[in-house]
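Chemist: The numbering of the sequence shown is this note's numbering, which starts it at -2 and goes up by one. From the three backbone atoms N, C-alpha and C, an ideal C-beta is built for every residue, glycine too. Values in this document were obtained by computation on a predicted structure and should not be read as measured data.
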Amino acid sequence: MQKEIISTKDAPQAIGPYSQAIRFDNLIFVSGQIPIDPETGKILQGDINEQTKLILKNMDDILTAGGSSLNNVLRTTIFLTDLENYPVVNETYAQYFHDLPPARSTVQVAKLPMDAQIEIDAIACVNTEENLLDA
-2 MQKEIISTKD
8 APQAIGPYSQ
18 AIRFDNLIFV
28 SGQIPIDPET
38 GKILQGDINE
48 QTKLILKNMD
58 DILTAGGSSL
68 NNVLRTTIFL
78 TDLENYPVVN
88 ETYAQYFHDL
98 PPARSTVQVA
108 KLPMDAQIEI
118 DAIACVNTEE
128 NLLDA
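#1: Along the chain, where does the beta strand (DSSP E) that runs through ASN105 open and close?
#2: Would you say the beta carbon of GLY43 comes nearer than 6 Å to a heavy atom of the ligand MG?
#3: For ASP7, which option in GLY29, LEU60, ASP96, TYR90 has the closest C-alpha, if you only look at C-alpha atoms?
#4: With distances taken Cα to Cα, identify the nearest neighbour of GLN96 among ALA119, LEU71, GLU81.
#5: Can you give me the C-alpha to C-alpha distance between SER16 and SER28, rounded to a whole angstrom?
#6: Following the continuous alpha helix (DSSP H) through ASP58, name the residue where it begins and the one where it ends.
#7: Taking the Cβ atom as the reference point for each residue, do GLN48 and PRO32 lie within a distance shorter than 7 Å?
So this is what it looks like as structure tokens:
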């Protein structure tokens, strides 16, 4: 099987030489998402809660374009510029991943693209009869 680029106008376009996501076999690898409003191309100027919600909405739109959803996320990595935001991010994240939360790492980093406060990437499986996690 060859890798397939996943792209949707419902989520922010890549700001560099990378794809929104790549599908390989039954896996989707979603590139790190920062809180960019897909309509304006600008970082959402809000609190970390609103930024986390936007990232997860954008990620879900990308996964939907690839035949999956947040329900099929297997692993995420959260990058924060300030671990003081960890409790708020956790609370928001739990609203999206409550029944079968994916494996996850969270790390503090010095800086993110466009001076974002948070970035999240993900690996998900594709909705198929064999591996549908929504059931």
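Modeler: Considering the structure as presented:
#1: Here the question's residue 105 lines up with position 108 in the sequence shown. Sequence check: residue 105 is Gln here, not Asn. Counting along the chain, the beta strand (DSSP E) containing GLN105 begins and ends at 100 to 105.
#2: The ligand content of the structure shown is nil, which means the ligand MG is not present either.
#3: Looking up residue 7 in the sequence shown gives position 10. If we check each option's Cα against that of ASP7, LEU60 comes out closest.
#4: Position 99 of the sequence shown, counted from the first residue, corresponds to residue 96. A small correction: the amino acid at residue 96 is Asp; Gln does not occupy that position in the sequence shown. With distances taken between Cα atoms, ASP96 lies closest to LEU71.
#5: The residue given as residue 16 occupies position 19 in the sequence shown. The residue given as residue 28 occupies position 31 in the sequence shown. Between SER16 and SER28, the C-alpha separation is close to 7 Å.
#6: Position 61 of the sequence shown, counting from 1, holds the residue named residue 58. First-last of the alpha helix (DSSP H) with ASP58: 45 to 62.
#7: In the sequence shown, residue 48 corresponds to position 51, counting from 1. In the sequence shown, residue 32 corresponds to position 35, counting from 1. Going by C-beta atoms, GLN48 is nearer than 7 Å to PRO32.
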